[in-house]
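Residue numbering for the sequence shown follows the working numbering, beginning at 84 and increasing consecutively. Using N, Cα and C, we set each Cβ at its ideal position, and we do this for glycine too. Just so we're clear, the structure is a prediction, and the values are computed from it rather than from any experiment. Shown next, in C-alpha cells, is the structure this report addresses.
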Amino acid sequence: MQPADYEKARRLIMRRDPVLGAAVKRIGPCGMAARQKNDHLTALVGAIVSQQLSTKAAATIFGRFVALFPGGAIPDAAAIHVLDDKALRGVGLSGQKVGYLRDLCARIGDERLRLDELDALTDELVIERLTAVKGFGRWTAEMFLMFRLHRPDVLPVGDLGIVIAIQRLYRLRKRPDAKRVLKIGEAWRPYRSVASWYLWQTLHEARAKTSNVERRT
C-alpha cells in the first residue's frame with residue numbers, strides 16, 4: 084500500500100461504517116507503515132523474538148540479537164545459522180525460540196522457504212509457507228502480511244485485541260466469534276488491514292483513558 088491508499092481506506096471506512104468510522108475520524112491518519120521492519124528476514128526473526136513478550140522486553144532482546152552482527156543488521160540466514168546456541172541464549176532467547184530460529188534458517192538455506200517469492204504470492208499462500216516454519220501460526224503470518232508486505236485486506240479474526248475492540252465498539256453482549264467478526268468486517272473490504280489497525284488503536288485509547296482516570300483519583 085502507498086500513503087495515498089491509507090487515506091483512501093480511511094475515507095472508505097468512515098463512509099461505510101459509522102461505528103468504526105467515528106473512531107477512525109477521531110484517531111486520524113493510519114500509522115501502519117511506521118511499524119515496518121527493514122526486510123523479510125528481520126521481520127520474521129522479530130516475530131520469533133517477540134512471542135509471549137511485552138513490547139519493551141522484545142525490543143531489548145531483539146536489540147541484543149542484532150548487535151551480534153556487524154553494523155547491527157542481520158545479513159542473511161546463514162549468518163544466524165553459524166551462531167552457536169550459547170550466543171543465542173546469551174541475548175535472552177529461550178531454548179524453544181532458538182529452535183524456531185534454527186528451523187527458519189534451515190528452510191531458507193535449503194529453499195523450502197524462499198523469501199524473495201513471498202511478495203508475489205497470494206495471502207493464503209504466504210500463510211501456508213510461513214506456518215510450515217516451527218513456531219509460526221496463522222496470526223504470525225497475518226502480521227507479516229499486514230506489517231511487512233502491506234497487504235490491504237487482512238482481518239486476523241483470531242486476534243484477541245480485534246475481538247475485544249469489536250465487542251466494545253459495537254456494544255455486543257459477548258465476544259464475537261470468527262464468523263461474526265468476518266460479517267462485521269465485510270463493510271471494510273478491501274481495506275480490512277487498515278480497519279484492524281484502527282481497532283487496535285481504540286484499545287490503546289481505552290487504556291490511556293483508564294490510566295488518566297486512575298491518576299486523578
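Taking 9 Å as the threshold (C-beta atoms), are residue 227 and residue 126 in contact? Yes, the Cβ-Cβ distance between residue 126 and residue 227 is below 9 Å.
In whole angstroms, what is the alpha-carbon distance linking residue 87 and residue 192? Residue 87 and residue 192 have their C-alpha atoms spaced approximately 37 Å apart.
Would you kindly work out how many angstroms separate the C-alpha atoms of residue 282 and residue 203, rounded to a whole number? Near 28 Å, if we compare the C-alpha coordinates of residue 203 and residue 282.
Does DSSP classify residue 89 as helix, strand or coil? Helix, per DSSP.
Run of the alpha helix (DSSP H) containing residue 307, from where it starts to where it stops: Examination of residue 307 is not possible in this model, given that the chain is present from 84 through 300 alone.
In angstroms, rounded to a whole number, what distance separates the CA positions of residue 112 and residue 176? Taking the straight line joining both Cα atoms gives about 35 Å.
Can you tell me whether residue 180 is buried or exposed, with buried defined as 16 or more other CB within 10 angstroms of its CB? With a 10 Å radius around the Cβ and a threshold of 16 neighbouring Cβ atoms, residue 180 comes out buried.
If you drop the 5 nearest sequence neighbours on each side, which residues of the same chain put their C-beta closer than 6 Å to that of residue 141? Same-chain partners within the cutoff: 132 and 133.
Nearest neighbour of residue 70, chosen from 160, 211 and 171 [CA to CA]: Residue 70 lies beyond the range of the chain shown here (84 to 300); nothing can be said about it.
Can you look up residue 152 in the DSSP assignment and give me helix, strand or coil? Looking at residue 152 - three-state DSSP - the assignment turns out to be coil, as it is neither helix nor strand.
With 16 other CB atoms within 10 Å as the buried threshold, where does residue 89 fall? Burial call: buried.
Residue 215, enclosing alpha helix (DSSP H) - first and last residue: Looking at the DSSP string, residue 215 is not in any alpha helix (DSSP H), and its letter there is neither H nor E.
9 Å Cβ cutoff met for residue 187 and residue 171: No, the pair does not count as a contact, with Cβ atoms beyond the cut-off.
Just the Cα atoms here: how many angstroms apart are residue 148 and residue 162? Their Cα atoms are separated by approximately 12 Å.
Does residue 260 come out as helix, strand or coil in the three-state DSSP assignment? Residue state, collapsed to three classes: coil.
Residue 194 versus residue 214: straight-line alpha-carbon distance, rounded: Answer to the nearest angstrom: the Cα atoms are 15 Å apart.
In chain order, what residues of the same chain have a beta carbon less than 6 Å from the beta carbon of residue 225, not counting five sequence neighbours either side? So the list reads 237 and 239, once near-sequence residues are dropped.
Would you mind working out which of 234, 200 and 207 sits nearest residue 278, comparing C-alpha positions? Residue 234 is the option with its Cα nearest to residue 278.
Starting from the N-terminal side, write out each stretch of the alpha helix (DSSP H) that is 4 residues or longer and does not extend beyond the segment 174-211. Along the segment 174-211, the alpha helix (DSSP H) occurs as fully enclosed runs of 4 or more residues at 178-192, listed in sequence order.
How should residue 100 be labelled, buried or exposed, when 16 other C-beta atoms within 10 angstroms of its C-beta is the threshold for buried? By the neighbour-count rule (16 or more Cβ atoms within 10 Å), residue 100 is buried.
If we count Cβ pairs, one from each stretch, closer than 8 Å, do we get three or more for the segment 92-109 versus the segment 265-273? These segments touch.
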